[in-house]
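Written below as structure tokens is the structure these notes are about.
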Amino acid sequence: MSQDVLLTKLKEAGGNHLVIGCDTEEDMNAKYLAASKLQDDGIIEIIDIAKNDDSTFSIKARVL
Numbered sequence: 015m016s017q018d019v020l021l022t023k024l025k026e027a028g029g030n031h032l033v034i035g036c037d038t039e040e041d042m043n044a045k046y047l048a049a050s051k052l053q054d055d056g057i058i059e060i061i062d063i064a065k066n067d068d069s070t071f072s073i074k075a076r077v078l
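Structure (structure tokens):
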């Protein structure tokens, strides 16, 4: 998932929790890193982010 796609999904979620499915551990790590990069670039503020046991991760963030 690219940063652009992740940002669009966060905007659509309106700051609510977004649960993102992942096919592999590498996929999960790539999506996690995309969210971290968006925060580092000052585009979003991550309020909560967690890897779940069911091959998903949950993110709550607000778009700045």
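Just remember that the numbering used here sits 14 ahead of the position in the sequence shown, which is counted from 1.
We put the beta carbon where it would ideally sit given N, CA and C, even for glycine.
With DSSP collapsed to three states, give me the class of residue i.
i: S16; result: coil
To the nearest angstrom, report how far apart residue i and residue j are at their CA atoms.
i: A49; j: Q17; result: 7 Å
i: N66; j: S72; result: 7 Å
i: E26; j: E39; result: 25 Å
i: C36; j: A75; result: 19 Å
Can you check the region 16-73 for any beta strand (DSSP E) of at least 3 residues that lies completely inside it and give the ranges in chain order? 32-35, 58-65
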